[in-house]
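Read the structure below first, then the notes.
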Amino acid sequence: MPLTGSDVKENIKITPYSNSKMNITKEEMSPVELRLTVSLSENDYKDTVTKQLKEIGRTHTMPGFRKGHVPFGELKRRFGKQVTSDVINDTVYRAVYEYMAENKLRVMGHPVPVEVKEALTDGDQEFKYDVALIPTLEGIKPTKENHYPYYEIEVSEQMIDEQDKALRKRFGSQKPGEEMTEDGLVKGSLMQLNEDGTVNTNEGAIQVTDGIVFPLYFKDKEQTALFNGKKPGDKVVFNPHTATGGNEGELASMLHIDKSIAGDVKSDFELNIAEIIVNVPAELNQEYFDQVFGSDKVHNEEEYRKAIKEMISTDLEQNSHILFRNMFDKAMMEKYGDMTLPAETIKKLFFAKAENADEAYNAELTGIKHEVIENNLLTDLEIKVDEQEILDTAKALTARQFAQYGMAGLDDEIITRYAKEQLEKEEVRNQIAQQVLSGKLYTAIEAAVTLDKETVSLDRFKEIAQNL
């Protein structure tokens, strides 16, 4: 535990520091907590105060005085207190940050004032700040001597068959079919029925001559099953309200009625099937191979299945990286989880507004430790992110978003402009920067350690992941 209160007195080491303006004294409260005392004399700030007051007089108009001719005494009377306070706060805070930078302190958050007090308008003054240091974890830098299991998922023939089926369906065509299929679309007339099963011929009864029904997406699968084996010319009695789960929007679309009344329609309907549209899978030919993999990349079924296997393997590879990351994180937490943290300063930094700072701190403790571990790894592996990497990632994310809305293949200039607009938002930029940083970190870790690779089945992979 960090030393605090009266326990620190015999352990304090005092180191003086001075920059061009003032003296700063460092007190080592614990291995991970410092108290910086800034001693400020009037000479450190009075010239800046005078300069700023004169600038106010030069640029502002005040009642009863010509612009630029306000007596200095009047400026000091009206603005002296606020200007002095601002100058002192700025001067002291800059000095603290300069001290931290010059001494290469790895700091959590920002310096926390020990006492919030109003700056005086003259005379010597003193300000104290508590600083939380990121703990240095010895021996954390990964090397080839560190062995970690790395599980790769075997691509089975079943996976290839399933992917083949999905691809041929995606690139297939919609044609009239002779019998209902699992994903068949049904066209025909819909007639509202009475409770006795007869067609409702009363005025206002719902009749749809150009109805379209997609049983695959019914929420009630018993309703879906009513269409099994049906052919054009057959009749099916089903309940749209049950089939859609009472969704007013879906009912309104299916029955061609206003959404405001759709939820009240709970009758059975008779569907006279006029046509069944089915998906006809694409044939294995050169046109299909070029559509899926690009021109002249695949030429026959053997190459096709090999290309599918590589496609699946690439998709599954991300799962291997994620599992490694989780296993590595767990190993790091087991080894360094008992680290000493600047708990009290962290509470002041991040949980001062919490109803119970201790509870809030404890709830986030694992995450804090993870960030400390990651920070040490980033430092030891010298991982950094530049602006171009952030922009490239933002562009990739932007292009993906446009593609989801059917706007693929936009000019790079358009993508770049939208990406830069997003990066102007501090929250977005920080998220993307962290994403890039984290990605580079774990790529570097994988390269630094020895990976004991093992190929396992998908079921075995899931079992390992679940038991982690």
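Residue numbers for the sequence shown follow the numbering used here, so the first one is 9 and each next one is one higher. The C-beta atom is built at its ideal place from N, Cα and C for all residues, glycine as well.
Query: Applying the criterion that 16 or more other CB atoms from any shown protein chain within 10 Å of the CB defines a buried residue, is residue 361 buried or exposed?; Result: exposed
Query: So for residue 11, helix, strand or coil by DSSP?; Result: Because residue 11 carries a pLDDT of 24, less than 50, the predicted location of this residue cannot be relied on, and the following value inherits that uncertainty. Coil, per DSSP.
Query: Would you call the segment 138-156 and the segment 344-354 touching, i.e. three or more CB-CB distances under 8 Å?; Result: yes
Query: Compare the C-beta of residue 266 against all C-beta atoms of chain B and say whether one is closer than 8 Å.; Result: Here there is only one protein chain, and chain B is not present.
Query: Hey, which unbroken runs of the beta strand (DSSP E) at 3 residues or more fall wholly within the segment 215-282?; Result: 215-221, 243-246
Query: When burial is assigned at 16 or more other CB atoms within 10 Å of the CB, is residue 15 buried or exposed?; Result: Because residue 15 carries a pLDDT of 29, less than 50, the predicted location of this residue cannot be relied on, and the following value inherits that uncertainty. Looking at its Cβ environment, which holds fewer than 16 other Cβ atoms inside 10 Å, residue 15 is exposed.
Query: Report back the beta-carbon spacing between residue 221 and residue 279 to the nearest angstrom; my notes put them in contact at under 8 Å.; Result: 6 Å
Query: Kindly indicate which three-state DSSP category residue 347 falls into: helix, strand or coil?; Result: coil
Query: How far does the beta strand (DSSP E) with residue 428 in it extend, from its first residue to its last?; Result: Not the beta strand (DSSP E): residue 428 falls in the alpha helix (DSSP H), residues 420-431.
Query: Do you know how far the Cα of residue 151 is from the Cα of residue 348?; Result: 24 Å
Query: Determine the closest residue to residue 252 out of 58, 475, 237, 274, with distance taken between C-alpha atoms.; Result: 274
Query: Is residue 447 helix, strand or coil by DSSP?; Result: helix
Query: Is the beta carbon of residue 5 sitting closer than 8 Å to the one on residue 184?; Result: With the chain represented from 9 up to 476, any question about residue 5 goes unanswered, as that position is not in the structure.
Query: Assign residue 258 to one of two classes, buried (16 or more other C-beta atoms within 10 Å of its C-beta) or exposed (fewer than that).; Result: buried
Query: Out of 421, 340, 456, which one is the CA nearest neighbour of residue 146?; Result: 340
Query: Candidates 461, 377, 357: which alpha carbon is nearest residue 118's?; Result: 357
Query: Across which residues does DSSP place residue 193 in a beta bridge pair?; Result: 285
Query: Could you check whether residue 453 and residue 336 sit closer than 8 Å to each other, using their CB atoms as the reference points?; Result: yes
Query: Between residue 410 and residue 418, how many whole angstroms is the CB-CB distance? I'm expecting something under 8 Å.; Result: 6 Å
Query: Cβ of residue 444 within 8 Å of Cβ of residue 397?; Result: yes
Query: Have a look at 455, 472, 123, 457 and flag the residue whose alpha-carbon is nearest the alpha-carbon of residue 463.; Result: 472
Query: Across which residues does DSSP place residue 43 in a beta bridge pair?; Result: 35, 138
Query: The alpha helix (DSSP H) with residue 94 in it runs from where to where?; Result: 80-110
Query: Have a look at residue 203 and residue 276 and give me their C-alpha separation to the nearest angstrom.; Result: 8 Å
Query: Check the DSSP bridge columns for residue 155 and list the partner residues they point to.; Result: 458
Query: Under 8 Å, do residue 5 and residue 293 count as touching if we go by C-beta distance?; Result: With the chain running from 9 to 476 in the structure shown, residue 5 is simply not present.
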